[in-house]
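Chains as they are written, first to last, in my numbering: chain A, 1237 to 1392; chain B, 1237 to 1392; chain C, 1237 to 1392. Below is one structure; the comments refer to it alone.
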């Protein structure tokens, strides 16, 4: 495996987290290919083989719709995340797709400055390597806790 | 230092965390060479030069015994960890052994979904480079807090 | 971009965190060039374009003074941090300077073992590449929460 590929994946992960954490959510769908899949689910649902999740999108258009709705609704208390992602493990790779996984946590910061551990879990990803910058074909966010559901507005 | 070596160490760290966090504890001893040393200790004990710790194992066999006991006893409330490891610092390296250190935190997720910061500290490692995948000759887990002892069942 | 450069930056980040977390604060100013800038600020101040911060230093000498004062005053309850830094994103790079950013959290551990999430935020850095080891020309620490101010004694 060559260095460029590893660095390209690192960059994708860092840019993805920065996009969300800096509230540039309109740019978020662009981290995915057109025919993508983005799912946030809990470990228990994932292990039970359930295909849907707390958040489910099956195309980039659905991701765009989600952000539009989030910006318009605005019924939730303003907050931000700070993502920390651990070492990225490359499971499988060929000329066009990399399958990788990583651990992450997200700290949530409320508008008044209150801060707490919000989510912990894994990213299970399939990444398209055929163009630069790399994009997600699939990003499966498996949360360790099932307690998070109703609070989840911003993507992880 | 070549790239393959750095990536091999990264992979070892990611695979180690995944093994524990995904509850594949029976695979955990295989991350160590036969004549290994695995110690979980607190910073104050470590700085005082104490050789033993909250958990102490001096061979892979002792690691296997620990997991067997943990699975049979089953007297603790079910829980999982999620490890996040920071940048890995290579302190010293020769043809056969790398000495590295890293910061980590472990989030603990209880069966009911309660989640909290459980441990923070450092890994002080000696890694055998003579076969693939790399294995730990020594993994010294130095916890920042001494308050953790009685709760520690699953390895870190 | 070559591997040596990327690894040099990784090493700088790991060594910087270790220096602070292991309470070798007297070595901390040496991570900066002589004519440096070190600022700890909040996101809201940063976004408002304010140049100063909770901590502000415009030379290595000011960093040394800060550590001297911290060691002499000693009016705060003893504590330590544990930093976890996520993937490092290289924004721009030329022959002499790299501009990079990263997410971090700091856990704080009090003398009695109490432990909690203390800070989350971003490092916005400019790094001098002209000598080894690399040093910071500027390290801007942008905290996600503005609630931290009065507790901040040890640098982040």
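We treat Cβ as the ideally placed atom computed from N, Cα and C, and that holds for glycine.
query, result
"Hey, quick one: how far does the alpha helix (DSSP H) through residue 1249 of chain B stretch, first residue to last?", "1239-1257"
"Could you tell me which of A/1323, A/1245 and A/1261 sits nearest to residue 1391 of chain A, measuring between CA atoms?", "A/1261"
"Could you give the distance in angstroms between the alpha-carbon of residue 1340 of chain C and the alpha-carbon of residue 1388 of chain A?", "22 angstroms"
"Give the DSSP-derived three-state secondary structure of residue 1357 of chain B in the structure shown.", "strand"
"At a cut of 8 angstroms, does the stretch 1243-1256 of chain C reach the stretch 1354-1372 of chain C through at least three beta carbon pairs?", "yes"
"Determine, using beta carbons only, whether residue 1280 of chain B comes closer than 7 angstroms to chain C.", "no"
"Could you pull out every residue in the same chain whose Cβ sits closer than 6 angstroms to the Cβ of residue 1275 of chain C, ignoring the five residues on either side in sequence?", "1289, 1292 and 1376"
"Tell me which same chain residues have a C-beta within less than 8 angstroms of the C-beta of residue 1333 of chain B, skipping the five on either side of it?", "1362, 1363, 1364, 1365 and 1373"
"Beta-carbon of residue 1239 of chain C versus every beta-carbon of chain A: anything under 7 angstroms?", "yes"
"Extract the residue ranges of the alpha helix (DSSP H) inside the stretch 1341-1390 of chain C, only unbroken runs of 4 or more that lie entirely within it.", "none"
"Considering just the uninterrupted stretch of the beta strand (DSSP E) at residue 1278 of chain A, what are its terminal residues?", "1268-1278"
"Between which two residues does the alpha helix (DSSP H) holding residue 1300 of chain B run?", "1296-1309"
"Tell me which residues share the same chain as residue 1280 of chain B and place their Cβ nearer than 8 angstroms to its Cβ, disregarding the 5 neighbours each side in the sequence.", "1382"
"List the residues of chain E whose Cβ lies closer than 7 angstroms to the Cβ of residue 1382 of chain B, in chain order.", "No chain E appears in this structure, whose protein chains are A, B and C."
"Does the Cβ of residue 1307 of chain C have 16 or more other Cβ atoms within 10 Å, making it buried, or fewer, making it exposed?", "exposed"
"Between which two residues does the beta strand (DSSP E) holding residue 1293 of chain A run?", "1291-1293"
"Which bits of chain B does residue 1356 of chain A rub up against, with CB to CB less than 7 angstroms?", "1318, 1343, 1345 and 1351"
"Does DSSP put residue 1315 of chain B in a helix, a strand or coil?", "strand"
"Residues in the same chain with beta-carbon distance under 8 angstroms from residue 1326 of chain C, minus the five sequence neighbours each way, listed in chain order, please.", "1237, 1242, 1245, 1334, 1335 and 1336"
"Tell me which residue opens and which closes the beta strand (DSSP E) that residue 1327 of chain C is part of.", "1325-1329"
"Assuming residue 1378 of chain C and residue 1319 of chain C make a contact with CB atoms under 8 angstroms, what is their CB distance in whole Å?", "That belief does not hold up - the Cβ atoms of residue 1378 of chain C and residue 1319 of chain C are roughly 15 angstroms apart, past 8 angstroms."
"Can you give the beta carbon distance from residue 1356 of chain B to residue 1380 of chain B, rounded, assuming they're within the 8 angstroms contact cut?", "5 angstroms"
"Taking residue 1268 of chain B as the reference, which of B/1277, B/1255 and B/1278 has the closest Cα?", "B/1255"
"Can you find a CB in chain C that lies within less than 7 angstroms of the CB of residue 1323 of chain B?", "yes"
"Using a Cβ-Cβ cut-off of less than 8 angstroms, give me the residues of the stretch 1241-1266 of chain B that come near chain C, in sequence order.", "1242"
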